[in-house]
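K.L.:
Residue numbers (the numbering used here): 17 to 249.
1. Taking its Cβ as the centre, do 16 or more other Cβ atoms sit within 10 Å of residue 223, making it buried, or is it exposed?
2. Helix or strand or just coil, what does DSSP make of residue 92?
3. Run the CB neighbour count on residue 148, radius 10 Å, all protein chains shown included, and call it buried at 16 or more, exposed below.
4. How would you call residue 74, buried or exposed, if buried means at least 16 neighbouring beta carbons within 10 angstroms?
5. Mind checking which residues open and close the beta strand (DSSP E) that includes residue 75?
6. Hey, quick one: how far does the beta strand (DSSP E) through residue 154 stretch, first residue to last?
7. According to the neighbour-count rule (16 or more other Cβ atoms, all chains shown, within 10 Å of its Cβ), is residue 159 buried or exposed?
8. Would the beta-carbon of residue 71 fall within 9 Å of that of residue 94?
9. Less than 9 Å between the beta carbons of residue 225 and residue 248, yes or no?
10. Quick one: what does DSSP say residue 166 is sitting in, helix, strand or coil?
11. Nearest-angstrom Cα distance between residue 152 and residue 129?
12. Nearest to residue 142 by alpha carbon, out of 233, 171, 228 and 116?
13. The beta strand (DSSP E) spanning residue 238 covers which residue range?
14. Mind checking whether residue 125 and residue 146 have CB atoms under 9 Å apart?
15. Considering just the uninterrupted stretch of the beta strand (DSSP E) at residue 206, what are its terminal residues?
16. Going by alpha carbons, who is nearest to residue 194 out of 221, 230 and 115?
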């Protein structure tokens, strides 16, 4: 009889110890898993600023068509425009795995300008002429690769439509004009997330706003102005 009672007591003690252990385990703090890093999907907006530089030409089909050394043949004027730009940007990204694709638009005030003091070098009256880009915008697609341990780097290529308010002038008249141009742009960039909802990026774009008649240098002689630019922002 004593042996049976001892076994019962031992079993009761085991149950009691197991119960105490379970209660103690329930009181231990549970460490929460860290949230997953934010992805790239969603809308965004921001500010953009940078610098651009590139060649601009003024040409016309005037009566004098002589090749001129260092002036590109019959060109009236050939010079570099350069300057700063600043504005705003908006876009939307979609992400699938490590690939990110999206659309982006921007519009900036620009101050790219340049001139030559010897336009029309083959004429009897060489004179100043110049070009200004006052507004610049793009609407582009982006394709990127999310890199890094937290996928917080985005390496991307981009391309699409470029627009600009191009102005040209010639001191011979003097005459001037301007028009809104549509052209194309392409480039690449890198973007880095440094907070859950903040990123910074560095981007290069090549923009071509084409060549088109802007004004008549003299009656019946149209002057065309071209502009391309390399832009870092």
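Beta carbons: idealized from backbone N, C-alpha and C, even for Gly.
P.N.:
From the atom records:
1. Numbered from its first residue, the chain shown carries residue 223 at position 207. Residue 223 should be labelled buried.
2. The residue labelled residue 92 in the question sits at position 76 within the chain shown. Correct three-state label for residue 92: coil.
3. On the chain shown, position 132 is the one that residue 148 refers to. With 16 or more Cβ atoms within 10 Å of its Cβ, residue 148 is classed as buried.
4. Position 58 of the chain shown holds residue 74. Its Cβ being crowded by 16 or more others within 10 Å, residue 74 is buried.
5. For the purposes of this step, residue 75 is taken as the residue at position 59 of the chain shown. 58-75 is the extent of the beta strand (DSSP E) around residue 75.
6. In the chain shown, residue 154 corresponds to position 138, counting from 1. Per DSSP, residue 154 belongs to the beta strand (DSSP E) from 143-163.
7. The residue labelled residue 159 in the question sits at position 143 within the chain shown. The residue in question, residue 159, is exposed, as its Cβ has fewer than 16 Cβ neighbours within 10 Å.
8. Walking along the chain shown from the start, residue 71 turns up at place 55. Walking along the chain shown from the start, residue 94 turns up at place 78. In contact: residue 71 and residue 94 (Cβ atoms closer than 9 Å).
9. Translated into positions along the chain shown, residue 225 becomes position 209. Translated into positions along the chain shown, residue 248 becomes position 232. Taking 9 Å as the Cβ cut-off, residue 225 and residue 248 do not qualify as a contacting pair.
10. As a position in the chain shown, residue 166 is number 150, starting the count at 1. Coil.
11. Indexing the chain shown from 1 puts residue 152 at position 136. Indexing the chain shown from 1 puts residue 129 at position 113. Taking the straight line joining both Cα atoms gives about 13 Å.
12. Numbered from its first residue, the chain shown carries residue 142 at position 126. The option with the nearest alpha carbon to residue 142 is 233.
13. Residue 238 sits at position 222 when you count from the first residue of the chain shown. Residues 237-248.
14. Locating residue 125 in the chain shown gives position 109, counting from the first residue. Locating residue 146 in the chain shown gives position 130, counting from the first residue. For residue 125 and residue 146, no; Cβs fall outside 9 Å.
15. Your numbering for residue 206 matches position 190 in the chain shown. 191-211 is the span of the beta strand (DSSP E), which, as asked, contains residue 206.
16. Along the chain shown, one-based indexing puts residue 194 at 178. With distances taken between Cα atoms, residue 194 lies closest to 230.
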